[in-house]
Amino acid sequence: MRALSSNRPIAILLSCLLCLLLTQAYGGRAALAAQTPDNDLRRSPIVRAVEKVAPAVVNITAARQEQRSMNPFADFFGQEMQPFFGQMFPETQRTVIATSLGSGVIIDGKAGLILTNAHVVAEATDVTVRLQDGREFAVELVGADPDFDLAVLRVNRKELKGQALPQTAMGDSSSILIGETVIAIGNPFGFTHTVTTGVISAVNRTVRTDEVAFTDFIQTDAAINPGNSGGPLLNILGELIGVNTAIQAQAQGIGFAIPINKARRVVDELVASGRVAHIWLGLDGQDLDQASASYFGLARCAGMLVTLVRPGTPAARAGLKPGDVLQTVDGLAVQDKDHYLDILRNYTVNQPMTLGVQRDGKFLKVEARGARFDAATAQRLAVERWGLSIDERSSRGAAAVSSVNPNSPAGKLGLRSGDAILQIGAYHMANADDFINAFSRYRLKNMVLMKVARGGRAYIVRLRI
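Here full-length UniProt numbering is used: the first residue of the sequence shown is 1, the next is one more, and so on.
Laid out in structure tokens, this is it:
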């Protein structure tokens, strides 16, 4: 009993030490909880990224003039009586101001440069931007390219008053991961600075619209609706990895963005010269039919049969030959000659590409770099292919026809010297440079839709080659 009683002081001491440790541990947790507000616990990486970038996201309002037909008596007569009284009171043309909404992101705060989609500001006469803090600025168009669907705007430095605007940090779209979290910020349906999240669903997507095909798009399931166009696609670090584009507004759960690495190359050219130089490889081709596909031993009827390789061009230096079947560009399958031209539109001057070619039953890969499709090349090929030339001094919203070969497609259509080409396909003509861009896009087509003005009237014509 004495031995047992001799251990009681030690037991009491151990109990006291245990209580002290428990008290300190509980007190430490309580102190930690007191030092960590609920707001900090809710500030997730997504919240931090949005807080970081949102000040550099702008809402864009673009105003443009439109001609609309109006009958001042339409409301009085009603739709039922319109067929009877419409002839007595014909419609008149009236100029109205239409506005559209979009988004943009500031990429250079000191210079006041804003990146957005070209279709957001297409044909706009006045463009204003609004920042998250409520400031509004009138901006000027530095340059735009519908082929890349990118445009650069600039805030007047006088309006900045020596202060830099907030800007976003650039990411690297070549390192994005399938499945990683992404954030879209924009102005959908006029709801300013709306944030949506999702993941990277796929990369290198080709998306076709009525007029063109875009390649190398990022696909995401983050909601991108009309008004989101031009806004940033961010990674979880708040870095800009893409420019959102709502080119498929009806799609559910599918959004697309232009990779920022491609956008940066376009921005550099737009800032330097106001436009992006289009490229060519120096080859002509034709579509394959089933018989020719079988002749060349192809598993499917797709690709472009090379019919001409012009000396001294990138195609000639790469070793391409007539009779080759161009099947891929950087791994992307070429469907036909129109698709080939669509793909080229996504490359800038001297940007490397790998061409996959079927020759003599073997599949070869060759390296090439596109050359500038300049005015001299465009004029020479336009005479050769279409049979017309353009006055290089053309301006005031048209490309003026300077000469027409009477035995050419243009001559047989009835085009004349002095006609003003207002539009070719999806391209509106403001000057001769716009003709070069349009011709580089449609030069291999068998039929081209044009809007031509003569004698104060405009006509829609089909140029068949």
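Beta carbons are placed, not taken as given, at the ideal position from N, Cα and C, and that holds for glycine. Note that the structure is a prediction, hence the values are computed from the model and not measured.
Open item on the list: If distances are taken between C-alpha atoms only, which option among Ala371, Pro322 and Leu240 comes closest to Asp360?
Closed with: Ranking Ala371, Pro322 and Leu240 by Cα distance to Asp360 puts Pro322 first.
Task: Stretch pair the segment 180-187 + the segment 222-234: three plus CB contacts closer than 8 Å - done: By the Cβ rule, the segment 180-187 counts as touching the segment 222-234, because three or more pairs are nearer than 8 Å.
TODO: Reducing DSSP to helix, strand and coil, say where Lys451 ends up.
DONE: Strand, per DSSP.
Open item on the list: From the DSSP secondary-structure annotation, give me the bridge partner or partners of residue 532.
Closed with: The structure shown does not extend to residue 532, since the chain spans only 1 to 465, so no value can be given for it.
- [ ] Could you check if Thr354 is buried or exposed, using at least 16 other CB atoms within 10 Å of its CB as the buried criterion?
- [x] Its Cβ having fewer than 16 others within 10 Å, Thr354 is exposed.
- [ ] Using only alpha-carbon positions, find the residue among Pro232, Val203 and Gln423 that is nearest to Thr196.
- [x] Relative to the Cα of Thr196, the nearest Cα in the group Pro232, Val203 and Gln423 belongs to Pro232.
- [ ] Indicate the three-state DSSP secondary structure (helix, strand or coil) for Asn204 in the structure shown.
- [x] Assignment of Asn204 by DSSP, reduced to helix, strand and coil, places it in the strand class.
TODO: Say whether the segment 110-122 touches the segment 143-155, bearing in mind that this needs 3 or more beta-carbon pairs closer than 8 Å, one atom from each stretch.
DONE: Counting Cβ pairs under 8 Å, three or more are found: they touch.
TODO: Express the C-alpha separation of Arg345 and Phe373 in angstroms, rounding to a whole number.
DONE: Taken atom to atom, the span from the alpha-carbon of Phe373 to that of Arg345 is near 11 Å.
Open item on the list: Let me confirm a value: Arg385 is counted as buried when at least 16 other C-beta atoms fall within 10 Å, else exposed. Which label applies?
Closed with: It counts as buried.
TODO: Just grab the DSSP bridge partners of Thr377 for me.
DONE: BP columns for Thr377 are empty, so no partner.
TODO: Could you check what DSSP says for Phe256 in three-state terms: helix, strand or coil?
DONE: Under the three-state reduction of DSSP output, Phe256 falls in the strand class.
Task: Cα-Cα separation between Arg462 and Leu332, rounded to whole angstroms - done: The alpha-carbon separation between Arg462 and Leu332 amounts to approximately 31 Å.
Task: Cβ contact (3+ pairs, closer than 8 Å) linking the segment 129-136 and the segment 51-60 - done: Touching, yes, given that three or more Cβ pairs across the two stretches are closer than 8 Å.
Task: Three-state secondary structure assigned by DSSP to Ile460 - done: Looking at Ile460 - three-state DSSP - the assignment turns out to be strand.
Open item on the list: Measuring straight from C-alpha to C-alpha, what distance separates Asp391 and Ala202?
Closed with: Near 45 Å, if we compare the C-alpha coordinates of Ala202 and Asp391.
Open item on the list: With DSSP as the reference, identify every bridge partner of Ala420, one or two as the case may be.
Closed with: In the DSSP output, where bridge partners are listed per residue, Ala420 has Ala400 and Ala453.
Open item on the list: Taking the straight line between their C-alpha atoms, what separation do you get for Ala63 and Ala293?
Closed with: When the Cα atoms are used, Ala63 and Ala293 turn out to be separated by approximately 50 Å.
- [ ] Could you tell me the distance, in whole angstroms, from the CA atom of Asn446 to the CA atom of Ile258?
- [x] If you draw a straight line from the Cα of Asn446 to the Cα of Ile258, it comes to about 30 Å.
Task: Range covered by the alpha helix (DSSP H) that runs through Leu413 - done: That run of the alpha helix (DSSP H) goes Pro409 to Leu413.
Task: Other residues of its chain near Arg157: CB distance less than 6 Å, five sequence neighbours each side excluded - done: Excluding sequence neighbours, Arg157 sits near nothing in its chain.
- [ ] Would you mind reading off the limits of the alpha helix (DSSP H) that contains Val53?
- [x] Its alpha helix (DSSP H) spans residues Pro45 to Val53.
Open item on the list: In this structure, how does DSSP classify Gly230 when only helix, strand and coil are distinguished?
Closed with: The DSSP-derived three-state label of Gly230 is coil.
Open item on the list: At the level of alpha carbons, what is the spacing between Arg208 and Lys161?
Closed with: Rounded to whole angstroms, Arg208 to Lys161 spans 43 Å at the Cα level.
TODO: Measure the beta-carbon distance from Gly274 to Gly143 and round it to whole angstroms, keeping in mind my assumption that it falls under 8 Å.
DONE: With 8 Å as the limit, Gly274 and Gly143 qualify as a contact, their Cβ atoms being about 4 Å apart.
Task: Residue range of the unbroken alpha helix (DSSP H) whose run includes Gln290 - done: Residues Gln290 to Tyr295.
Open item on the list: With a threshold of 7 Å on Cβ separation, who are the neighbours of Gln65 within its own chain once the five nearest residues in sequence on each side are excluded?
Closed with: Hits under 7 Å: Thr95, Ile97 and Thr125.
Task: Contact the segment 295-314 vs the segment 402-415: 3+ CB pairs below 8 Å - done: With the cut-off at 8 Å, the segment 295-314 and the segment 402-415 do not touch.
Open item on the list: For Ser402 and Val452, I'd like the C-alpha separation in whole angstroms.
Closed with: In a straight line, the C-alpha of Ser402 is about 14 Å away from that of Val452.
Open item on the list: If you follow the beta strand (DSSP E) that Asn431 is in, where does it begin and where does it stop?
Closed with: For Asn431, there is no enclosing beta strand (DSSP E), since its DSSP letter is neither H nor E.
TODO: Look up Asn235 in the DSSP assignment and give the residues it is bridged to.
DONE: Bridge partners of Asn235: Val182.
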